[in-house]
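Chains A and B supply the protein sequences, listed in that same order. Per the numbering used here, the first sequence starts with residue 1, numbered consecutively. Per the numbering used here, the second sequence starts with residue 1001, numbered consecutively. Cβ coordinates follow ideal geometry from the N, Cα and C atoms, glycine included. Reading through the structure tokens given below for one structure.
2 protein chains.
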Amino acid sequence: MALIGRPREFDRGAALEAAMLAFWRKGFAATSMNDLCDAMGVRSPSLYAAFGSKEALYLEAVEHYVEIFGPPVWDKLAEGATARAGVENLLLAATESLPESHVTPPGCMATLAAVSDEWPAGIADVVRKIRIDMLGMLRARLESGVANGELPTTTDIEALSRFYLSVYQGMAVQARDGAAAAELTGVVAAAMAAWPGDGRA
Amino acid sequence: MALIGRPREFDRGAALEAAMLAFWRKGFAATSMNDLCDAMGVRSPSLYAAFGSKEALYLEAVEHYVEIFGPPVWDKLAEGATARAGVENLLLAATESLPESHVTPPGCMATLAAVSDEWPAGIADVVRKIRIDMLGMLRARLESGVANGELPTTTDIEALSRFYLSVYQGMAVQARDGAAAAELTGVVAAAMAAWPGDGRA
DNA sequence: CCTTTTTTGTAATGATCGACACAGAACTAG
DNA sequence: CTAGTTCTGTGTCGATCATTACAAAAAAGG
């Protein structure tokens, strides 16, 4: 991009990654420019030159989050042999992704963003769209399950996709509260028992 | 309390109610003292004299929330004739309580507090305890269901209580995103299909 | 009446917020 | 080399934050 002029002395990608982790852990408002400068190892004028503003940096950070942490979980939805296996694999992947790790904060950055605090409208719109996209992915997989004959044509797609989204979102909240992967797998097992036609009487 | 001296000119209970609604809608950090003074109709010195600090006011507000909005939902757990009816009635009550109304903001104040932003430790501890108490109430009802013979003794109480808590918490997130009661009742119907022994094959 | 006590309104405190002005440093193009 | 361009570091801007001094006002006790 910048062919002439003084070269940038920091790795933009690494700085964005650090900003993503800081925002993920503390949220938008609670992460100050000072926090970001410390986490990214960059002075504020360099940060503004590279990213524009705190809000623009957050938007890039959450976009990066979706690119990096979305596929390992949400691609499972399509990889499953059946719609049921897809949903189950999605939720099982979430049990590994949601709890805190050595490098990542607990919970889902997009699910938990802007649900309890007032955030800038631009950010609130983006994260809400991500959550709506999750619902859309679930709905699409269930619809294909009906088309494949795996699910009865009478299946309430809207309700079932919202239900499994609820399970994912609730697991994200509990991961925030310290739930471990083993505790979340129990939730998944219980949730899969709600699959239409899975009678065990 | 104050027998002598100039009498207070505002209704402390009404002011607390207004503060609760403001905190509920915007969260702790995003609600400034200016916002609170406007919402409560009180100048800041009077506010500090009556409540101590912003943090102490929040703690009183969330305590008031639990007292007012907790029982209409969570008492349903014990009122049901069976454990299954109790859980279903709890979730159905939530479908009426969680969506935004003319007077209340959307979502559950205790469920969504401090999940996306860093809040003062004292507040984070309190709201997390409330969420853990919800889990405890579910667990206790399921345990009594096992004792009554309504549920198999092999029931994974821990997993099932976490599962229904997930559903409640996920519905709270979706209510934040604008879900209506009708959409949440579909989630409840799907969730109740996961009840152990509810075979429909 | 006067004193004591508490609340009220005005105004200001220091701290922190996001964002930026400016000058010097580091690079390319010619 | 010089000129043009971009980045870095220091320092600071006005705004807003939670909190509080201070004095006038409103009540009760004597």
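Distances from the alpha-carbon of VAL1087(B) to those of ALA1180(B), GLU1183(B), LEU1138(B) put LEU1138(B) closest.
Chain B has no Cβ within less than 8 Å of the Cβ of SER144(A). LEU1165(B) is positioned such that its CB atom lies no closer than 8 Å to that of LEU1184(B). Within chain A, the residues ASP177 have their CB atoms less than 7 Å from the CB of ARG1131(B), given in chain order. By the Cβ neighbour-count rule, THR153(A) is exposed, with fewer than 16 other Cβ atoms within 10 Å of its own.
Taking a beta-carbon distance threshold of 8 Å, PHE51(A) does not count as an interface residue toward chain B. Taking ALA193(A) as reference, the option from GLY1170(B), LEU1160(B), GLU1150(B) with the minimal CA-CA separation is LEU1160(B). When ALA1094(B), SER1053(B), MET1020(B), ALA1029(B) are compared, the shortest CA-CA separation from ALA1179(B) is found for ALA1094(B). Residue contact check for ASP75(A) against chain B: no CB pair falls below 8 Å. Look at MET1171(B): its C-beta is under 8 Å from a C-beta on chain A.
Going by beta carbons, ALA1110(B) and ALA1124(B) fall outside the 8 Å limit. DSSP places ASP35(A) in the helix class (H, G or I) of the three-state scheme. Residue contact check for LYS26(A) against chain B: a CB pair falls below 8 Å.
Here ALA175(A) has LEU98, PRO99, PRO106, GLY107 as same chain residues with Cβ atoms under 6 Å from its own Cβ, once five neighbours each way along the sequence are excluded. The three-state reading of DSSP puts PHE69(A) in helix, counting H, G and I together. Chain A places no beta carbon closer than 8 Å to that of ASP1038(B), leaving this residue out of the contacts.
Approximately 13 Å separates the beta-carbon atoms of MET33(A) and ALA18(A); this is outside 8 Å, ruling out the contact. Contact of THR154(A) with chain B is not assigned, every C-beta pair being separated by 8 Å or more. In terms of beta-carbon proximity, ASP1117(B) lines the interface with chain A, with at least one pair separated by less than 8 Å.
The C-beta of VAL167(A) comes closer than 8 Å to at least one C-beta of chain B. Shown here, SER144(A) sits in a helix according to DSSP, grouped into three states.
ASP11(A) counts as exposed, since fewer than 16 other beta carbons sit within 10 angstroms of its beta carbon.
Close to THR1104(B), with beta-carbon spacing below 9 Å, lies no residue of chain A; the smallest spacing is near 15 Å. Of the candidates CYS1037(B), GLU1060(B), PRO1007(B), GLU1060(B) places its Cα closest to the Cα of VAL1127(B).
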